[in-house]
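What follows is a short report on a single structure.
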Amino acid sequence: MIIGIGARRGIHEEEVLEAIAQALETTNTRKEDIEALASAELKKDEQGLKNAAEIIGVPIHFLPHSKLNEIDVPSKSRASRFGLKGVAEPCALALSTNQNLIMKKKVYGRITIAIAD
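Numbering follows full-length UniProt numbering, with no gaps: position 105 of the sequence shown is 105.
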């Protein structure tokens, strides 16, 4: 499964890891099933995201805005102010095999998580 992540600037790895843990609990899925994390290209300098991926032991992909805007998402997003349809949901769907959202976006503090398989 792919974890799509939207985040505020300056987030810490602990915030990311806690949000992922809560999302996994909500969906009754396991950390071992995570194939990759994904976020928008505009977050490529967020060390907290990179550190979280390293701790989990999976790659993180920072997707271009053009790719994210190709994907229709079920939820409205505050990312529209950056010219995006969304971040967490399109990131999860863009890299997923089945293009199926296991969990629509959900906010955990300063992190938004969506999960797709």
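Cβ atoms here follow ideal geometry from the backbone N, Cα and C, with glycine treated the same way. It should be emphasised that the depicted structure is a prediction, and the values quoted were computed from it without experimental measurement.
Check your understanding: Is it buried or exposed for Asn55, if we count other Cβ within 10 angstroms and need 16 for buried?
Key -> Position check: residue 55 holds Ile in this sequence, whereas Asn was assumed. Only exposed fits Ile55, as fewer than 16 other CB atoms lie within 10 angstroms of its CB.
**Study point:** Three CB pairs or more closer than 8 Å across the segment 3-13 and the segment 26-33
**Key:** The segment 3-13 and the segment 26-33 do not touch, with fewer than 3 CB-CB distances between them shorter than 8 Å.
Review point. Between the segment 37-48 and the segment 57-66, do at least 3 Cβ pairs fall closer than 8 Å?
Key: Per the Cβ contact rule, the segment 37-48 is in contact with the segment 57-66 (3 or more Cβ pairs under 8 Å).
Point to revise | Own chain partners of Asn98 with C-beta closer than 8 Å, once the 5 adjacent residues on each side are dropped | key: Excluding residues within five positions, the ones whose Cβ falls inside 8 Å are Ala116 and Asp117.
Practice item. State the start and end residues of the unbroken beta strand (DSSP E) segment that holds Gly57. Key: Per DSSP, Gly57 belongs to no beta strand (DSSP E) and is neither H nor E.
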